[in-house]
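> Residue numbers (the numbering used here), protein chains in the order written: chain A, 1 to 113; chain B, 1 to 110. Take this structure first; my questions come after.
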Amino acid sequence: KAGVTQTPRYLIKTRGQQVTLSCSPISGHRSVSWYQQTPGQGLQFLFEYFSETQRNKGNFPGRFSGRQFSNSRSEMNVSTLELGDSALYLCASSPDREDSPLHFGNGTRLTVT
Amino acid sequence: KNEVEQSPQNLTAQEGEFITINCSYSVGISALHWLQQHPGGGIVSLFMLSSGKKKHGRLIATINIQEKHSSLHITASHPRDSAVYICAVSTMDSNYQLIWGAGTKLIIKP
């Protein structure tokens with residue numbers, strides 16, 4: 001069974017641009033959650049999608065948005081990039097059953113210059 | 001004060017030693033996760049537990065709900081266990097709205 005796939009692995013953008021990151025969950029997993037990891041703030045929850053609906057959202061500005069498609073693939077978009085958005089963005093999928101762990105992708109490393 | 005505290009921050013040990021990493025939390029949780037992150041970023045979920053104890057190979061995780069404390073133990077440690085170990089808790093609102101600890105960087109020397 002293929003794992004969680006995140007694309008691209010690395011991305012370099014300039015301030016003010018926008019970026020879209022992609023996450024393909026494990027087949028059969030309907031929940032996809034996104035996290036940001038920075039050296040200063042550690043890991044922080046961005047949002048979680050289930051069956052194309054956002055179920056939970058962390059404390060991030062509206063520049064961070066996401067969506068989930070009918071095949072459970074999810075995209076995350078960041079508009080008007082700031083230097084502080086440089087981070088490792090991780091997504092995780094889950095079958096959303098009680099006691100089912102999260103399965104993480106390898107992440108997308110975004111550098112904003 | 002952080003809602004999830006891990007100790008120690010850094011740990012260096014010799015191959016074969018018994019390793020313990022601790023995690024304390026101050027919020028109500030639905031579950032606690034132990035994860036492993038290797039250089040390069042990939043995160044692997046080791047355990048998800050809401051009570052008692054779980055064992056997988058040389059890894060053991062325990063949780064005491066009353067004391068809001070969990071430990072991760074590694075028996076017969078090996079250099080390939082070198083990684084950052086992260087404790088995270090799922091809030092009562094959502095299994096996925098994880099609050100993360102700062103991580104423990106473990107180095108096992110041969």
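All C-beta atoms, glycine included, are put in the ideal place defined by N, C-alpha and C. None of the values given here were measured: they were computed from a predicted structure.
Would you say Ile-86 of chain B lies against chain A (beta-carbon separation less than 9 Å)?
Walking along the second sequence from the start, residue 86 of chain B turns up at place 86. Closer than 9 Å: yes.
> With a threshold of 9 Å between beta-carbons, can His-103 of chain A be considered close to chain B, or not?
Within the first sequence, the letter at position 103 stands for residue 103 of chain A. Yes, contact with chain B.
> Please report how far the alpha carbon of Leu-59 of chain B lies from the alpha carbon of Gly-41 of chain B, in whole angstroms.
Looking up residue 59 of chain B in the second sequence gives position 59. Looking up residue 41 of chain B in the second sequence gives position 41. Approximately 21 Å, taken between the alpha carbons.
> Just reading off the beta strand (DSSP E) that Lys-109 of chain B is part of, what are its end residues?
Walking along the second sequence from the start, residue 109 of chain B turns up at place 109. It spans 104-109 - the beta strand (DSSP E) in which Lys-109 of chain B sits, taken as one unbroken run.
> Give the DSSP-derived three-state secondary structure of Gly-101 of chain B in the structure shown.
As a first step, residue 101 of chain B must be located in the second sequence, where it is residue number 101. In the structure shown, Gly-101 of chain B sits in coil (DSSP, three-state: anything other than H, G, I, E or B).
> Counting pairs of Cβ atoms below 8 Å between the stretch 100-110 of chain A and the stretch 9-16 of chain A, do you hit three or more?
yes
> If you count every other CB in all the chains shown that lies within 10 Å of the CB of Val-112 of chain A, and 16 or more means buried, which is it?
Counted from its first residue, the first sequence places residue 112 of chain A at position 112. With 16 or more Cβ atoms within 10 Å of its Cβ, Val-112 of chain A is classed as buried.
> Applying the 10 Å Cβ sphere with the 16-neighbour rule, what's the burial state of Gln-36 of chain B?
Here residue 36 of chain B is taken as the residue at index 36 of the second sequence, counted from 1. Buried, since its Cβ has 16 or more Cβ neighbours within 10 Å.
> According to DSSP, which residues form a beta bridge with Arg-67 of chain A?
Locating residue 67 of chain A in the first sequence gives position 67, where the first residue counts as 1. Arg-67 of chain A pairs with A:Glu-75.
> How would you label Glu-82 of chain A, buried or exposed, when you count the other beta carbons within 10 angstroms and need 16 or more for buried?
On the first sequence, residue 82 of chain A is found 82 positions in, with the first residue counted as 1. Flag for Glu-82 of chain A reads exposed.
> For Ala-102 of chain B, return the contacting residues in chain A, with the cut-off set at a CB-CB distance below 8 Å.
As a first step, residue 102 of chain B must be located in the second sequence, where it is residue number 102. Neighbours of Ala-102 of chain B on chain A, chain order: Gly-42.
> Pull the bridge partners of His-33 of chain B from the DSSP assignment, please.
As a first step, residue 33 of chain B must be located in the second sequence, where it is residue number 33. For His-33 of chain B, which the question treats as bridged, DSSP gives the partners B:Met-48 and B:Ala-88.
> Give the DSSP bridge partners of Phe-45 of chain A, in chain order.
Within the first sequence, residue 45 of chain A is the residue found at index 45, counting from 1. In the DSSP output, where bridge partners are listed per residue, Phe-45 of chain A has A:Tyr-35.
> Residues of chain A with a CB under 8 Å from the CB of Val-44 of chain B: which are they?
The residue labelled residue 44 of chain B in the question sits at position 44 within the second sequence. What Val-44 of chain B touches in chain A: Phe-104.
> Should Gly-40 of chain B be flagged as near chain A, meaning a C-beta pair shorter than 9 Å?
On the second sequence, position 40 is the one that residue 40 of chain B refers to. Proximity of Gly-40 of chain B to chain A, defined by a Cβ-Cβ separation below 9 Å, is satisfied.
> Note the first and the last residue of the continuous beta strand (DSSP E) segment covering Ile-63 of chain B.
Position 63 of the second sequence, counted from the start, is the residue given in the question as residue 63 of chain B. Unbroken beta strand (DSSP E) run through Ile-63 of chain B: 59-64.
> Going by alpha carbons, who is nearest to Met-92 of chain B out of B:Ile-29, B:Gly-103 and B:Ser-50?
In the second sequence, the residue the question calls residue 92 of chain B occupies position 92. Of the listed residues, the one whose Cα sits closest to Met-92 of chain B is B:Ile-29.
> DSSP on Arg-30 of chain A, reduced to helix/strand/coil?
Your numbering for residue 30 of chain A matches position 30 in the first sequence. Correct three-state label for Arg-30 of chain A: coil.
> Going by beta carbon distance, what residues of the same chain come within less than 6 Å of Ser-22 of chain A, once the five residues before and after it are set aside?
On the first sequence, position 22 is the one that residue 22 of chain A refers to. Contacts found: Thr-7 and Glu-75.
> Of all the options A:Thr-80, A:Asp-96, A:Pro-101 and A:Ser-93, which has the alpha carbon lying nearest to the alpha carbon of His-14 of chain A?
The residue given as residue 14 of chain A occupies position 14 in the first sequence. It should be noted that the sequence gives Thr, not His, for residue 14 of chain A. Minimum Cα distance to Thr-14 of chain A is reached at A:Thr-80.
> Could you work out which residue in A:Leu-90, A:Gly-66 and A:Val-4 is closest to Tyr-49 of chain A when comparing CA atoms only?
Reading the first sequence from its first residue, position 49 is the one you call residue 49 of chain A. Measuring from the Cα of Tyr-49 of chain A, the nearest candidate turns out to be A:Gly-66.
> Would you report the Cα separation of Phe-18 of chain B and Pro-61 of chain A, rounded to the nearest angstrom?
On the second sequence, position 18 is the one that residue 18 of chain B refers to. On the first sequence, position 61 is the one that residue 61 of chain A refers to. The straight-line gap from Cα to Cα measures roughly 43 Å.
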